[in-house]
Amino acid sequence: MTDAALAVTERAVERFAESYLTSLGAEITKEGRRWTVTLPEGAPTDLELDGAVLEITDDPNDVDEEAFAIAPESPFVERMLDEAADRTPTGSLALTGERVDIQLPPWLTDGPVDVVDQTFTPYYDRRAVCALFHVGIETVSEYQREELHAVAIDLNDHEERPRLADTYLELTDDEQPELDEGRAIDEQELTDALDVAYATLENELSSTVRETRERATRAAEVELDEYRQFVRQRRDELSDEIDSLTTRIEDVTETIDTASQQEERVEALRKRKELRAERDDLRSELDDLTTKIEAGFPDKRQEIRERHALTVRLRPVAATAVSYERGDLDLTLGADETTISKSYGYALGVGVVEEVACDRCGQQLTAENPLDIDGKQTVGAACCDD
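Its first residue numbered 8, the sequence shown is counted upward by one per residue in the working numbering.
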């Protein structure tokens, strides 16, 4: 999975809140960790934000009554995320060589070769949609995961661009310089890209969802087994109690038969009636438990299943149309006394866009098999570096 994910921490929530309020046209006056929000007339929101005071905190209960908490899992942030998911506000930005640093791949930076010189020559622009999703995976009893996850989809081939998603998160941090505005995207392009992003994110999360579901299933089976043992123990206890009551009833019946006094006999009859009623109640409970055991506890099984059921929520809360330059990255590489020049296809915010292999054996270069120089050839340090 791409690293383009942020746990819904205080910092991530703060970043999202500011971005969303800005998309509404809000003016934010900051005084430390307290914000005062002013909305323009007709702002597209149902949240009561005009003149509202927001407070950044790690505990949503630790704010003044008149303030809204900007905190993980605060009701206000949940409402904001819900509204953002309905609106999916869009923006745009352009990545240019003047704004974005060249990102060298680990198969180059982790090896023995030095980059003596580098030049990026752009030839054309590519366009993508970077979507920010609110991801929630949880069961009531076992697991909870909340993330803001970015997915970048190229509009030309509808392929995922994980490195571009990483760059998008870095650049939307308010500590980074703002980028020039890029070209907007039409509604159908946005819808198609979001569909692909949603499917991509579902696929990337599938292993986590599967593991979480397996954990929840095991927890449910443990709980059901504990309940099954409890019921069987209770059944055995009921049998013993019924046997005990039967013995007591027999003793009282003998007293009735041998009583010499009317008063003694009446008292024994009353006692036998009480014991028989108590035994009937226990027999009814025993019959009910036996039925449940024979049926496999359908009601309890359903109750436990619902309690351990897995809930997965993927909601796009923002989308940005990103234009990024693509061209050639010309490098002068040096090792010891040798230097060579190499050129690779490159895109800003994405990195080297081609798989690079060892010139000698064809094995792909990676962080574990980084580039080295042997004469005029580039080889893998792990596969062909003599």
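Beta carbons are placed, not taken as given, at the ideal position from N, Cα and C, and that holds for glycine. As the structure is a prediction and not an experimental result, all values here were calculated from the model.
With respect to M87, Y27 sits close: the two C-beta atoms are nearer than 8 Å.
Contact between D379 and V123 is ruled out by a C-beta separation of about 15 Å, above the 8 Å threshold. In the same chain as T224, and ignoring 5 residues on each side of it, the C-beta atoms closer than 8 Å to its own belong to H315, in chain order. In the three-state reduction of the DSSP assignment, Q384 falls in the strand class, which pools E and B.
The Cβ-Cβ distance between P82 and E153 does not fall below 8 Å. Straight-line spacing of the CA atoms in D66 and Q195 works out to 40 Å.
Per DSSP, the continuous alpha helix (DSSP H) segment holding E211 begins and ends at 194-265. In the three-state reduction of the DSSP assignment, R272 falls in the helix class.
Put simply, the backbone Cα of V136 is about 29 Å away from that of T116.
In the displayed model, V329 falls within a strand according to three-state DSSP. For I77, the enclosing beta strand (DSSP E) has its first and last residue at 74-77.
Our two residues, L46 and T146, have alpha carbons roughly 37 Å apart in a direct line. Assigned with DSSP and collapsed to three states, E145 falls in strand. The three-state reading of DSSP puts I300 in helix, counting H, G and I together.
Taking a C-beta distance under 8 Å as the contact criterion, L336 and V359 qualify as a contact pair. Taking C-alpha positions only, S246 is separated from E313 by approximately 32 Å. A direct Cα-Cα distance of roughly 13 Å separates A342 from D392. Contact between S348 and T339 holds: CB atoms are separated by about 5 Å, below the 8 Å threshold. Contact annotation: R255 and L293 have beta-carbon atoms that are not nearer than 8 Å. With fewer than three CB-CB distances shorter than 8 Å, the segment 225-240 does not count as touching the segment 321-330. Here W42 is not near L56, since their CB atoms are 8 Å or more apart.
For L56, there is no enclosing alpha helix (DSSP H), as DSSP marks it with neither H nor E.
In terms of Cβ geometry, A24 and V84 form a close pair [threshold 8 Å].
Using a 10 angstroms sphere on the CB of I77, the tally of other CB atoms reaches 16 or more, which defines it as buried.
Taking the Cβ atoms as the reference, E285 lies roughly 56 Å from L321, outside the contact range of under 8 Å. Here the alpha carbons of A266 and T260 stand approximately 10 Å from one another. Here H141 is near A92, since their CB atoms are less than 8 Å apart.
Counting the other CB atoms within 10 Å of its CB gives I35 a total below 16, which places it among the exposed residues. Taking R241 as the centre and dropping the five residues before and after it, the same chain places the C-beta of L296 closer than 7 Å to its C-beta, in chain order. DSSP places S81 in the coil class of the three-state scheme, outside both helix and strand. At a Cβ-Cβ threshold of 8 Å, I144 and T207 do not count as neighbours. One Cα belongs to F75, the other to V44, and the distance between them is close to 11 Å. Beyond the five residues adjoining it in sequence on each side, A275 comes within less than 7 Å, by CB distance, of V259, T262, I263, A266 in the same chain, given in chain order.
Judged by their CB atoms, T95 and V324 are nearer to each other than the 8 Å cut-off.
Residue pairing by DSSP puts V122 in a beta bridge opposite L340. Secondary structure of R133 (DSSP, three-state): strand.
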